[in-house]
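Asker: Take this structure, written in structure tokens, and hold onto it; I'll ask about it next.
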């Protein structure tokens, strides 16, 4: 990545916004948020931990300025999105919760974007 493409900067900003929009309700309005999606309310701590992870990834994405930061975060986002896709597919199989499909689609979109930029980086060398 010779320079950080403006489009990647925009995608990082979009990812930040989505992370924050999901994270804040998960942390502060956990029961209400989970019930909106039909998720069980047995363990609120894990939902809040997901919110905390989203805050960490989202805020780090927002504060990326240098090319090296984008490169490292791109790798993190690829691993995060792939692991989330596996977890969501597993969750769909086990629970049949329709809301998981929405999250799966969102993670597939972001994963596709991150892979696109990573492949672009690899092919430019």
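In this note's numbering, the protein residues as written are 9 to 133.
A virtual CB, placed ideally from N, CA and C, is assigned to each residue, including glycine.
1) To the nearest angstrom, how far is it from the Cα of residue 41 to the Cα of residue 73?
2) Enumerate in chain order the residues of its own chain whose CB-to-CB distance from residue 16 is below 6 Å, with the five nearest sequence positions on each side excluded.
3) Pull up the distance between the alpha-carbon of residue 70 and that of residue 114, whole angstroms please.
4) By the DSSP assignment, the alpha helix (DSSP H) with residue 69 in it spans what residues?
5) Cβ-heavy atom distance between residue 60 and the ligand MG below 7 Å?
6) Looking at residue 60: is its Cβ nearer than 8 Å to the Cβ of residue 38?
7) Over the uninterrupted alpha helix (DSSP H) stretch that includes residue 30, give me the two end residues.
8) Residue 18 and residue 78 - do their beta-carbons sit closer together than 8 Å?
9) With a threshold of 16 other CB atoms inside 10 Å of the CB of residue 96, please say whether the residue is buried or exposed.
Answerer: From the atom records:
1) Distance between the alpha carbons of residue 41 and residue 73: 32 Å.
2) Excluding positions up to five away in sequence, the list reads 125.
3) A direct Cα-Cα distance of roughly 19 Å separates residue 70 from residue 114.
4) Residue range 52-70 is occupied by the alpha helix (DSSP H) that includes residue 69.
5) The model on display carries no ligand, and the ligand MG is accordingly not part of it.
6) Pairing residue 60 with residue 38 gives a Cβ-Cβ distance that is not under 8 Å.
7) Boundaries of the alpha helix (DSSP H) around residue 30: 14-36.
8) Judged by their CB atoms, residue 78 and residue 18 are not nearer to each other than the 8 Å cut-off.
9) It is buried - the Cβ of residue 96 has at least 16 other Cβ atoms within 10 Å.
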